[in-house]
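In the order they appear, the protein sequences are chains A and B. Per our numbering, residue 1 is the first one in the first sequence, and the count goes up by one each step. Per our numbering, residue 1001 is the first one in the second sequence, and the count goes up by one each step. Ideal Cβ positions, reconstructed from N, Cα and C, are used throughout, including at glycine. Only one structure is covered here, and it is reproduced in the block below.
2 protein chains.
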Amino acid sequence: MNISQAAEATHLPAKTIRYYEDIGLITPDRGANGYRSFSDTHIHQLTFLARARALGFPVEDCRSLLALWEDRKRASADVRKIAQEHLGAIETKITDLTAMRDTLRHLVKTCAGDDRPDCPILNSLSSSD
Amino acid sequence: MNISQAAEATHLPAKTIRYYEDIGLITPDRGANGYRSFSDTHIHQLTFLARARALGFPVEDCRSLLALWEDRKRASADVRKIAQEHLGAIETKITDLTAMRDTLRHLVKTCAGDDRPDCPILNSLSSSD
DNA sequence: GCTTGACCTTCCAGTCACTGGAAGGCCTAT
DNA sequence: ATAGGCCTTCCAGTGACTGGAAGGTCAAGC
C-alpha cells in the first residue's frame, strides 16, 4: 500500500502522513524504489492518530496516546490524565470564545450596518465604556 | 514616550508593539538616538488594536478596522460585515470545540483511571463503535 | 522503445501572531 | 569609567501542517 492509498484509507492528506513520519509518529516501510509502503498496522496507527487529532489532542499528546495504546502494561490512569488535561484546555477555550461571541453578538446587533459612519463596534474598540 | 512606557500603557508586550510596526499597523516616530517615540495617537491606536485582538479579530481584520476607525467617511456596514464574519468564525469554533468537549467528557467519565490497562478512551480511538 | 501522465521522492518556504535570544548601541547614576 | 538598564536589529522557533519546485518511477498505449 503506497501513500495515496494510505491517504484514502485514513482520510489523511498524503502530506500529513509524510509529516507524521518526519516527526517520528509512524515509520512506514520502504520499497526497493524508495516508495513508502504501509501495512495494516501502519493504517491502524494512522487511523488512531486521525481520531485523536479530530478530538483536538495536540500531536505530542497523540504520540503519548499512541505509545500507551501499544503498551499492553499501560495504566488507564495515564491515558485518562492526558484526556482530562486536554478537556480542561478545551473548556478554557470554549469559555474564552463564548465571552468573545457574546460581546460580538451584542455589538453586531447594535450596529446599524448602513452607509453612515456612526458605529458602536468602533466606539467599543476605541473606548472602554 | 518610549517603547516600555507604551507597553505599560497599552498592556501589550514591547515585542508585540515592534511586531505591529514591522507589519505596518502603526508607525511610531523616531528620536535622534533611533529610539521609537509614541504619541497619544499611537497609544490610542495600540489600545484599539489590543481590544480588537482581545475580541479575537485576526491581525488583518484589525488593520481594516483601524483604517475604518480613522476614516470619518466610513460606512458602518463595512465594520459590521467584518465583525459578523468574525462572529461566524467564532461560532463555528465553539461548535467544533463543544462537540470535542462532549465526547471527551463522556470518555473521561467512563475511564476508570486506575492501574489497569483497559481503557475506553483508547478503545474509542482505535475503533469507531 | 518511447512517450505521456500519474504517481512518488526530497527539500524549502509560507502560514499566524507572536516570542525568545543574541549582539551590540545608548543613557543615567555613581 | 563603569555598571545596569534601557534601546536597537536580526534570526530562529512555535504548531501542524500546506504549497510548490525539481526530479525519479511506473504503467499504459503507440
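For residue j and residue i, the rounded distance between their alpha carbons
i                       : j                       : result
residue 1086 of chain B : residue 1036 of chain B : 32 Å
residue 72 of chain A   : residue 1097 of chain B : 31 Å
residue 8 of chain A    : residue 1054 of chain B : 40 Å
residue 1116 of chain B : residue 1105 of chain B : 20 Å
residue 1111 of chain B : residue 94 of chain A   : 23 Å
residue 1038 of chain B : residue 1003 of chain B : 7 Å
residue 1079 of chain B : residue 1068 of chain B : 7 Å
residue 1033 of chain B : residue 1062 of chain B : 30 Å
residue 40 of chain A   : residue 60 of chain A   : 23 Å
residue 90 of chain A   : residue 1100 of chain B : 8 Å
residue 102 of chain A  : residue 92 of chain A   : 16 Å
residue 1056 of chain B : residue 127 of chain A  : 17 Å
residue 1017 of chain B : residue 1121 of chain B : 43 Å
residue 1028 of chain B : residue 1088 of chain B : 34 Å
residue 81 of chain A   : residue 24 of chain A   : 23 Å
residue 46 of chain A   : residue 10 of chain A   : 7 Å
residue 107 of chain A  : residue 123 of chain A  : 10 Å
residue 70 of chain A   : residue 49 of chain A   : 13 Å
residue 1044 of chain B : residue 1014 of chain B : 16 Å
residue 1005 of chain B : residue 1020 of chain B : 16 Å
Partner residues on chain A for residue i, Cβ-Cβ distance less than 7 Å
i                       : result
residue 1074 of chain B : 117
residue 1113 of chain B : 76, 77 and 80
residue 1017 of chain B : In chain order: nothing, as chain A lies at least about 17 Å away.
residue 1098 of chain B : 94
Among the options, nearest to residue i - alpha-carbon criterion
i                       : options                           : result
residue 1125 of chain B : A:65, A:25 and A:115              : A:65
residue 26 of chain A   : A:42, A:47 and A:84               : A:42
residue 83 of chain A   : B:1033, B:1006, B:1113 and B:1002 : B:1113
residue 1118 of chain B : A:75, A:88 and A:48               : A:75
residue 1031 of chain B : B:1015, B:1001, B:1057 and B:1020 : B:1001
residue 1052 of chain B : B:1005, B:1022, B:1107 and B:1012 : B:1012
residue 1077 of chain B : A:5, A:14 and A:109               : A:109
Alpha helix (DSSP H) segment containing residue i, residue limits
i                       : result
residue 15 of chain A   : 14-22
residue 1100 of chain B : 1076-1110
residue 123 of chain A  : 120-126
Per-residue DSSP class, three states only, for residue i
i                       : result
residue 1036 of chain B : strand
residue 1030 of chain B : strand
residue 1057 of chain B : coil
residue 11 of chain A   : coil
residue 72 of chain A   : coil
residue 25 of chain A   : coil
residue 964 of chain B  : No information on residue 964 of chain B is available, as it lies outside the stretch 1001 to 1129 that chain B covers here.
Contact list for residue i against chain B, beta-carbon separation under 8 Å
i                     : result
residue 91 of chain A : 1101
Interface residues of chain B facing residue i [CB-CB closer than 9 Å]
i                     : result
residue 48 of chain A : 1122, 1125 and 1126
residue 31 of chain A : By Cβ distance, chain B contributes nothing, its closest Cβ being about 27 Å from residue 31 of chain A, past 9 Å.
Residues that residue i contacts on chain A, provided the C-beta gap is smaller than 8 Å
i                       : result
residue 1108 of chain B : 80, 83, 84 and 87
residue 1105 of chain B : 87
residue 1012 of chain B : Near residue 1012 of chain B there are no residues of chain A at all, since even the closest Cβ is about 14 Å away, more than 8 Å.
residue 1034 of chain B : Correct list: empty, because the minimum Cβ distance to chain A is about 30 Å.
Chain-ordered neighbours of residue i on chain A, where CB pairs are closer than 9 Å
i                       : result
residue 1051 of chain B : 124, 125, 126 and 128
residue 1065 of chain B : 121, 122 and 125
Chain-ordered chain B contacts of residue i [CB-CB under 7 Å]
i                     : result
residue 25 of chain A : Near residue 25 of chain A there are no residues of chain B at all, since even the closest Cβ is about 14 Å away, more than 7 Å.
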